[in-house]
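Chains A and B, in that order, give the protein sequences.
Start counting the first sequence at 1276; every next residue gets the next number (the working numbering).
Start counting the second sequence at 448; every next residue gets the next number (the working numbering).
Positions of the beta carbon are idealized from the N, C-alpha and C atoms, including for glycine.
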Amino acid sequence: MSDGELRQPSGDFGSLLADRWQQLSPLVDAVLDAQPGQRSSVLLEVSAGDPALRAEVERLVDECERGVPMLDRPAAEGFSQLLVEDVDAAIPDILGGRYRIEREVGRGGMARVYLARDLKHSRSVAVKVIRPDLARSLGRDRFLREIEIAARLRHPNIVPVYDSGDADGVLYFVMPFEEGPSIRERLRVGAPMSPGECVSVLRDVARALAYAHEHGVVHRDVKPDNVMLSSGAAVVTDFGIAKAIAAASAGDETLRMGSDSISIVRTQADSLRTITQVGVGIGTPAYMAPEQAAGDPSTDHRADIYSFGCLAYELFAGHPPFHDLAMAEVVAAHIGTAPVPLSNLSDAVPESVSRLVAQCLEKKPAARPQSAQELLTELDAAQTTGPNAAIRRRRRLPRTVLGTSVIVGLALIGYVVTRDRTPFSAMAARPVRAVNPEARRLYDLGQRGLTLRGQKLQAAVEQFRSATQLDTLYADAFGGLSLALALSPYFENISTRQVAGPVRSAAERALRLDSTLAPPHVALGLVHQYAYHWDSAATEFETAVRLRKADDIEPLVQYGRYMLHEGRAAGALKQFLAARDAEPASALVSSWLAFTYMLQGQMDSAGAESERALQNDSTNYTALQHGASIRVERGDFPGARALVNRLTSPYDRAGLWVLAVTGDTATALGRLRQLESERPTPWLAATTRAYVMMGVGDTTEAMAALERATDANEIWHVSGSPLLDHIFDPVRSSARFQALLRRVNLPASAP
Amino acid sequence: MEEDTPDVDVLRELRSGRRDSLDRLMPVVYEQLRVIASRQLTLRKGGGTLSTTGLIHEAYLKLVDQSRVAWRDRSHFFALASVAMRHVLVDRARARLAQKREGGLRRVTLDDEQLDADDQAELMVDLNDAIDKLAATEPRLARVVECRFFGGLTEEETAEVLEVTARTVQRDWAKARMLLRRAISA
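Here it is as structure tokens:
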């Protein structure tokens, strides 16, 4: 930072002297803090009738409120040029006394590529210069030693390394200049590659891998960009470079300089540098084997086999196995998600190739083909086992142009015999990954809040949200977040309109990370209910029930509630009983069971179940709400009020109904007025008024309130059960109520 | 968590203005930010702009996951990352100026918008000096600049870091911008 050796800070701000500012600062504060309409009077007051002072303060205030272009954006944005490496400046005209740089022809994650003239042999070459920021952190000797090993490779399908060197800190290596195109470019432009063309490329790549692996060299970055088409054959470039960088950065010194505290990164240094710091250079996320992504030090040649699988996948499908995802999500998918089988995506993929690709993409290295030689054998067999001998013969002809293999490819289409149509959601493996421990702790807390409901729900939202921020790949936390958000309009001063978007994005994020989760479907079902889309809600709840884990009762509870809203008490009871089997001690489940028994007139069962709920958890919000209703129904008014008094919210609509209907109308009306006097009017205020008015017997006013509630999209239609709830008995058959039922897409009466 | 993780109360250190122990963590955060920024820009082929929030967020995730530092919480980290970001940018600006220019500098101000890399370097060094100046008279305002400008933190996040209200942050930031502009255009 600035040490100011020459310029001692004067403390002055241009013409504004520091001392003067000290005097003016409180005056400026006062004006800045004033309400917009009060500005001029405050200005007059602070300047105490001194017009010069007034003008000075006013000018400073104006300047405070004026935008400052270079400060109004965060520094890394406005000053982003500073973060770009200045590569060109560091490259001399002639490298190593031998290569005259002509022009830059490409840029990758780890190197820039220059067309250069090899002055010694009078030929054009490609000089690849390692990015300076990367080069700085590499062990140079180690890097050059590794490159030397790669330079020994001699194979028709491998682009050789001619030379390498360190020119005053500029690390480079030299290769023949391949005009290309690369497979990446080939995929981007021109006609789609035929299956035959694809198989031909794959055989060439497999040959290159087999030869290199036999010579102890792994690639570590097999991808379409690194396979070039040259005179009809595919040649693999940059062999051993990624490995050299990985090896040389493992011994990196910059992270360990001096201070002891730097050791905190040492334990993870290798994986950290391999997957993140070197980033797109070493292993490209879209093509990276799980063990490589996880930074497993035992990563071997079988990582190349996996990347080969990704390359093959892209050739046939047009995209790698995991795409359209954020980089971190791609990495997570490599580790924990099964790809959609190729045969689901394209009819043109030979069955045997599709199977081979699936094997290459196995998560465990031991489950993949163990050598590139095996790949080659399989790819050959893809043709020799075919029904058409003529093709086999033709295949053996020397291949000079791509056209030859196109003919082969057309015939190969006939090889498709069966196709696996297993849907992706059923195929997806559950991600197995280490969750950040703090995120896990927050998630567990969130789950508890979710179960308790009431005012704990807001805390649960925050806990889930923090967990997702700590661990952006934590599918369960996103799922929990979606559910807690979806439930919050019942308990918090937050409207369904406010939560719908966040619920959807959290649910979608969760499902993208793990398509087998149930909670996001529950959350989506709730949002559909809020919008009166009952059929869509049913679909989500049914999916959730199907996917739910054995101890997850939420899908059953919400599906049961859905049935109650539709007036189907018997179906609801079935769901709640299933939930009871899953979680016998759940107060939430007992409460809903009790409520349903009450709707069915089985008051003894209702009473017993309600007491059970309260015994299991005397603070559970739902247990208190339903317990009070049941006690009212049984004539136990003091008991009902005792439960209401334990509700954490004094304005709870069911609670106020209980107070009103048991005769304490003064308290009920008083609290209602308090609630309604808040500005802006709280969410569910109209619904609460309807409940209180029902309780005091003013059905006209209750109906008016319900109509206002419907206008405001309040969720009275799912708060209780409009078709069954005793609260609505006095108005149920009225035309006004029936009209409301139609507005929320509910039938006129219970089935 | 490991037993010997440095448990530095960054917030307290920041508020007190003492940065000894904070400096022990700085290289780690610095390195991480530098690498992420460089990689993000590489992905954009050297152009475009960075999302500071995304940058710092990514650094946070990596360091929380991988460094095993006992970060108290997010604001703990954000506070440190904001300072680290200032270091990164100022160091890069100095390096560029040292490498590039012999003289004949164009005068650059905070009101300019189209700045090339050398202009940005020039302005960043001036700005850094101006913030030091600001810190001499109004230390809290300088912290607000670090959080809002270098760290890309919101008013609320800055308020949490500095233990003041968001309204105070808003006022401080307005005053700081005014003072910095005056200091630099002088």
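Could you pull out every unbroken alpha helix (DSSP H) segment of at least 4 residues lying fully inside the region 1294-1358 of chain A, listed in chain order? The qualifying runs are 1314-1322, 1326-1340, 1344-1347, 1350-1353.
Using a 10 Å radius around the Cβ and a threshold of 16 neighbouring Cβ atoms, would you call E1829/A buried or exposed? As a first step, residue 1829/A is located in the first sequence; it is residue number 554 there, counting from the start. That one is buried.
Tell me the start and end of each unbroken alpha helix (DSSP H) in the region 1928-2002 of chain A that is at least 4 residues and wholly inside, in chain order. Listed in chain order, the complete alpha helix (DSSP H) runs (minimum 4 residues) inside the region 1928-2002 of chain A are 1928-1936, 1940-1952, 1960-1971, 1974-1986, 1991-1994.
Which residues, taken in chain order from the region 1344-1361 of chain A, show a beta carbon closer than 9 angstroms to some beta carbon of chain B? If the cut-off is 9 angstroms between Cβ atoms, the region 1344-1361 of chain A has P1344, M1345, L1346, D1347, R1348, P1349, A1350, A1351, E1352, G1353, F1354, S1355, Q1356, L1357, L1358, V1359, E1360, D1361 near chain B.
Given that F597/B touches chain C, what residues does it touch there, using C-beta distances under 9 angstroms? Among the protein chains in the structure shown, which are A and B, there is no chain C.
G1776/A classed as buried or exposed, judged by whether at least 16 other C-beta atoms fall within 10 angstroms: Counting from 1 along the first sequence, the entry for residue 1776/A is found at position 501. The residue in question, G1776/A, is exposed, as its Cβ has fewer than 16 Cβ neighbours within 10 Å.
Which of helix, strand or coil DSSP assigns to I1516/A: Here residue 1516/A corresponds to residue number 241 of the first sequence, with the count starting at 1. Residue state, collapsed to three classes: helix.
Is DSSP giving D1719/A helix, strand or coil here? Taking the first sequence and counting its residues from 1, one reaches residue 1719/A at position 444. The answer is helix: DSSP assigns D1719/A an H, G or I state.
Who are the near neighbours of H1901/A in its chain, counting only those whose CB is closer than 7 angstroms to its CB and skipping five residues on each side? Counting from one through the first sequence, the residue named residue 1901/A turns up at place 626. Same-chain partners within the cutoff: S1866, A1869, F1870, S1885.
Nearest residue (CA-CA) to V1445/A, options P1407/A, Q1648/A, L1631/A, E1566/A: Against the first sequence, residue 1445/A aligns to sequence position 170. The shortest Cα separation from V1445/A among P1407/A, Q1648/A, L1631/A, E1566/A belongs to P1407/A.
Would you kindly work out how many angstroms separate the C-alpha atoms of I1424/A and A1578/A, rounded to a whole number? Residue mapping note: residue 1424/A aligns to position 149 of the first sequence, counting from 1. Residue mapping note: residue 1578/A aligns to position 303 of the first sequence, counting from 1. When rounded, the distance between both Cα atoms is 19 angstroms.
Have a look at R1946/A and I1990/A and give me their C-alpha separation to the nearest angstrom. Mapped onto the first sequence, residue 1946/A falls at position 671. Mapped onto the first sequence, residue 1990/A falls at position 715. Approximately 20 angstroms between the Cα atoms of the pair.
Does the structure place the region 528-548 of chain B close enough to the region 590-602 of chain B that three or more beta carbon pairs sit under 8 angstroms? yes
Between the C-alpha atoms of V1380/A and V1797/A, what's the straight-line distance to the nearest angstrom? As a position in the first sequence, residue 1380/A is number 105, starting the count at 1. As a position in the first sequence, residue 1797/A is number 522, starting the count at 1. When rounded, the distance between both Cα atoms is 53 angstroms.
Could you pull the start and end residues of the alpha helix (DSSP H) that A621/B belongs to? One-based indexing of the second sequence puts residue 621/B at position 174. According to the DSSP assignment, A621/B belongs to the alpha helix (DSSP H) that extends over 613-632.
Look at the Cβ atom of F1753/A, then the Cβ atom of F1739/A, and state whether they are nearer than 9 angstroms. Locating residue 1753/A in the first sequence gives position 478, counting from the first residue. Locating residue 1739/A in the first sequence gives position 464, counting from the first residue. Going by C-beta atoms, F1753/A is nearer than 9 angstroms to F1739/A.
By the 10 Å Cβ neighbour count, where 16 or more other Cβ atoms means buried, how is E604/B classified, buried or exposed? Stepping through the second sequence from its first residue, residue 604/B is reached at position 157. Its Cβ being crowded by 16 or more others within 10 Å, E604/B is buried.
Going straight from the alpha carbon of S1536/A to that of A1903/A, what length do you get? What you label residue 1536/A is simply residue 261 of the first sequence in a count that begins at 1. What you label residue 1903/A is simply residue 628 of the first sequence in a count that begins at 1. Residue placement at S1536/A is poorly supported in this model, since its pLDDT is 19, which falls under 50; the coordinates still yield a value, given next. The straight-line gap from Cα to Cα measures roughly 59 angstroms.
Starting from P1794/A, trace the alpha helix (DSSP H) both ways and give me its first and last residue. In the first sequence, the residue the question calls residue 1794/A occupies position 519. Looking at the DSSP string, the run of the alpha helix (DSSP H) that includes P1794/A is 1794-1805.
Would V592/B pass as an interface residue toward chain A - the criterion being a Cβ-Cβ separation below 9 angstroms? What you label residue 592/B is simply residue 145 of the second sequence in a count that begins at 1. Cβ-Cβ to chain A under 9 angstroms: yes for V592/B.
Assuming the contact rule is C-beta atoms closer than 8 angstroms, L1590/A and L1477/A should be a hit. Round their C-beta distance to whole Å, please. As a working note, residue 1590/A is residue 315 in the first sequence. As a working note, residue 1477/A is residue 202 in the first sequence. Contact holds; Cβ gap of about 7 angstroms.
Using only CA atoms, which one of G1914/A, A1844/A, V1480/A, Y1834/A lies nearest to F1816/A? Start at 1 with the first residue of the first sequence, and residue 1816/A comes out as number 541. Comparing Cα positions, the closest option is Y1834/A.
DSSP state of A564/B, grouped into three classes? Here the question's residue 564/B lines up with position 117 in the second sequence. The answer is helix: DSSP assigns A564/B an H, G or I state.
Shorter than 9 angstroms from the beta carbon of L627/B to some beta carbon of chain A? Locating residue 627/B in the second sequence gives position 180, counting from the first residue. By this cut-off, L627/B is an interface position.
Where does the unbroken beta strand (DSSP E) through L1848/A begin, and where does it stop? The count along the first sequence starts at 1 and reaches residue 1848/A at position 573. First-last for L1848/A: 1844-1857, but that is the alpha helix (DSSP H), not the beta strand (DSSP E).
Closest to A1517/A by CA distance: which of C1473/A, Q1567/A, S1355/A is it? Here residue 1517/A refers to the residue found at position 242 of the first sequence. Checking every option, the nearest Cα to that of A1517/A belongs to Q1567/A.
Amino acids of chain B, ordered along the chain, whose beta-carbon sits closer than 9 angstroms to that of L1307/A: Looking up residue 1307/A in the first sequence gives position 32. Chain B residues near L1307/A: Q617, R618, A621, K622.
Are F1354/A and A630/B close, meaning C-beta to C-beta below 9 angstroms? Here the question's residue 1354/A lines up with position 79 in the first sequence. Here the question's residue 630/B lines up with position 183 in the second sequence. Cβ atoms of F1354/A and A630/B: not closer than 9 angstroms.
Coarse secondary structure for L1672/A, derived from DSSP in three states: Residue numbering aside, residue 1672/A sits at position 397 when the first sequence is read from its first letter. Note that L1672/A has pLDDT 29, beneath the 50 cutoff, so the model's placement of it is unreliable and no number is given.
Would you call A542/B buried or exposed, if buried means 16 or more other Cβ atoms sit within 10 Å of its Cβ? The residue given as residue 542/B occupies position 95 in the second sequence. The residue is exposed, with fewer than 16 neighbouring Cβ atoms inside 10 Å.
Assigned secondary structure, D1479/A (DSSP; H/G/I helix, E/B strand, else coil): As a first step, residue 1479/A is located in the first sequence; it is residue number 204 there, counting from the start. Looking at D1479/A - three-state DSSP - the assignment turns out to be helix.
Quick one: which chain B residues come within Cβ less than 9 angstroms of V1332/A? Residue 1332/A sits at position 57 when you count from the first residue of the first sequence. Chain B residues near V1332/A: none, gap ~12 angstroms exceeds 9 angstroms.
Rounded to whole angstroms, what is the Cα-Cα separation between A582/B and Y1588/A? The count along the second sequence starts at 1 and reaches residue 582/B at position 135. The count along the first sequence starts at 1 and reaches residue 1588/A at position 313. Each residue's alpha carbon lies about 57 angstroms from the other.
Taking DSSP as the reference, what is the three-state secondary structure of L1732/A? Here residue 1732/A refers to the residue found at position 457 when the first sequence is read from its first residue. Here L1732/A sits in helix by DSSP.
Within chain A, partners of T612/B - CB distance below 9 angstroms: To locate residue 612/B, count along the second sequence from 1; it is residue 165. Those do not exist, as T612/B stays about 11 angstroms from chain A at its closest Cβ, beyond 9 angstroms.
Pull up the distance between the alpha-carbon of S1996/A and that of R1843/A, whole angstroms please. Mapped onto the first sequence, residue 1996/A falls at position 721. Mapped onto the first sequence, residue 1843/A falls at position 568. If I take the Cα positions, the gap works out to 10 angstroms.
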